[in-house]
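Numbering (this note's numbering), first residue to last: 523 to 853. Even glycine gets a Cβ: it sits at the ideal position worked out from N, Cα and C. Below: one structure, written as structure tokens.
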Ligand code: NAI
């Protein structure tokens, strides 16, 4: 039986993880879930938020499905998410963003993919307090990581029958750091003549996305812009409750929703498990379980077709009722 690491997170994490595991189990696919806890609750017992056993489990299994983990704001421990991505060198964060059946949004023709560099930029956490009134963060951009993510974006475009890759920077202002990201993209692009390219500044991208998102296909961005723009894109297709994602590296892959641990709705049976379910469906495709991926996707879409929604999408269903509805729609 295939073993997969399951990080059930905190906040709404355990609720949506349970929902997704139930739906996959009900589909008939046998998975041996290797449950690994991480985050603030683990610190008391194990001293760190991301114990080595979690990393070892992913190294053993190659694949993980992950629910969100809370990161304290300001002081406190470093983000488990950032640490995980760095330790396993999960350098590409892939966030497809496509309209879903019967979910009405401002636009009906959104079908784009955000490819976010996942290991450096302002996320590298190189910060210092210069004096009590001044703090600085270093925006780290390297040629190696920039070329690698551009290559990933072009390869992704080819494998997924996409026609254009658009690079997003603020290279007019950050001439060296974003300039290097752009220069690296241009160099890699010259090896992919069959794919169209486009260059856009991140502020203009945001305006274009909320006016006419269907003009975009694959976007490739440094880490921080990728983080912000992918939440914006989630808003185009129904919100964070339906936005899926994956962190891909050379050796390992961790599939997780775009959203965070949503402490405002924790434990209330209100969370929408769709984002995590869509991430799990992509994971099944990734490991070659295409039939089960399709079966579960069909059940999810059938649930939407019958206007069965959780509260974030204007419906009345609880997490558990929505989960049951998807299970009942499995054919
Ligand atoms: P958030 O994504 O948790 O929530 C933003 C808003 O969206 C909230 O109103 C929330 O209720 C709603 N929402 C999110 N997911 C939902 C779902 N599945 N169903 C229904 N509504 C949903 O963002 P926030 O509040 O900024 O972050 C909370 C915590 O999560 C922070 O500690 C943050 O660091 C962490 N986080 C973790 C991530 C990860 O583990 N990959 C990613 C993003 C944030």
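Exposure label - residue i; buried when at least 16 CB within 10 Å
i: residue 729; result: exposed
i: residue 523; result: exposed
i: residue 547; result: exposed
i: residue 821; result: buried
i: residue 570; result: exposed
i: residue 553; result: buried
i: residue 656; result: exposed
i: residue 778; result: buried
i: residue 652; result: exposed
i: residue 588; result: buried
i: residue 590; result: buried
i: residue 596; result: exposed
i: residue 572; result: buried
i: residue 736; result: exposed
Residue span of the beta strand (DSSP E) that contains residue i, given as start and end
i: residue 582; result: First-last for residue 582: 574 to 583, but that is the alpha helix (DSSP H), not the beta strand (DSSP E).
i: residue 686; result: 686 to 691
i: residue 668; result: First-last for residue 668: 665 to 681, but that is the alpha helix (DSSP H), not the beta strand (DSSP E).
i: residue 777; result: 775 to 777
i: residue 633; result: 633 to 639
i: residue 528; result: 524 to 529
i: residue 617; result: 614 to 620
Span separating the alpha-carbon of residue i from that of residue j
i: residue 767; j: residue 540; result: 18 Å
i: residue 747; j: residue 691; result: 8 Å
i: residue 555; j: residue 838; result: 30 Å
i: residue 659; j: residue 613; result: 21 Å
i: residue 525; j: residue 637; result: 27 Å
i: residue 654; j: residue 715; result: 51 Å
i: residue 682; j: residue 650; result: 42 Å
i: residue 604; j: residue 667; result: 16 Å
i: residue 601; j: residue 734; result: 34 Å
i: residue 761; j: residue 685; result: 26 Å
i: residue 813; j: residue 807; result: 8 Å
i: residue 606; j: residue 581; result: 11 Å
i: residue 851; j: residue 824; result: 7 Å
i: residue 534; j: residue 771; result: 26 Å
i: residue 830; j: residue 847; result: 8 Å
i: residue 564; j: residue 695; result: 42 Å
i: residue 592; j: residue 672; result: 30 Å
i: residue 528; j: residue 665; result: 33 Å
i: residue 723; j: residue 742; result: 12 Å
i: residue 800; j: residue 702; result: 34 Å
i: residue 632; j: residue 835; result: 17 Å
i: residue 826; j: residue 704; result: 40 Å
i: residue 639; j: residue 797; result: 21 Å
i: residue 641; j: residue 700; result: 15 Å
Extent of the continuous alpha helix (DSSP H) run through residue i
i: residue 821; result: 812 to 827
i: residue 536; result: 535 to 549
i: residue 845; result: 841 to 850
i: residue 751; result: 745 to 758
i: residue 765; result: Run containing residue 765: none; DSSP gives neither H nor E here.
i: residue 722; result: Premise fails: residue 722 lies in the beta strand (DSSP E), 718 to 723, not in any alpha helix (DSSP H).
i: residue 562; result: 562 to 568
i: residue 657; result: Counting along the chain, residue 657 falls outside any alpha helix (DSSP H), though it belongs to the beta strand (DSSP E) covering 656 to 659.
i: residue 804; result: 796 to 808
Residue from the options whose Cα sits closest to the Cα of residue i
i: residue 610; options: 797, 773, 762, 781; result: 773
i: residue 549; options: 630, 831, 841, 802; result: 802
i: residue 842; options: 648, 810, 804, 792; result: 792
i: residue 675; options: 649, 720, 602, 700; result: 720
i: residue 698; options: 731, 615, 662; result: 662
i: residue 579; options: 833, 545, 775; result: 775
i: residue 680; options: 704, 713, 591, 599; result: 713
i: residue 669; options: 640, 707, 591; result: 707
i: residue 627; options: 815, 758, 833; result: 758
i: residue 795; options: 828, 572, 819; result: 819
i: residue 616; options: 749, 828, 583, 726; result: 749
i: residue 598; options: 619, 625, 561; result: 561
beta-carbon residue i near the ligand HEM non-hydrogen atom, thresh 7 Å
i: residue 761; result: For the structure depicted, the ligand HEM is absent and the ligand set comprises only the ligand NAI.
Chain C contact for residue i (CB, 8 Å cutoff)
i: residue 626; result: Absence of chain C from the displayed structure is noted, only one protein chain being present.
### Query
Which residues, in chain order, sit with a beta-carbon under 5 Å away from any heavy atom of the ligand NAI?
Residue list for the ligand NAI: 590, 591, 592, 593, 603, 762, 763, 781, 782, 783, 784, 786, 787, 793, 794, 834 (CB closer than 5 Å to any heavy atom, chain order).
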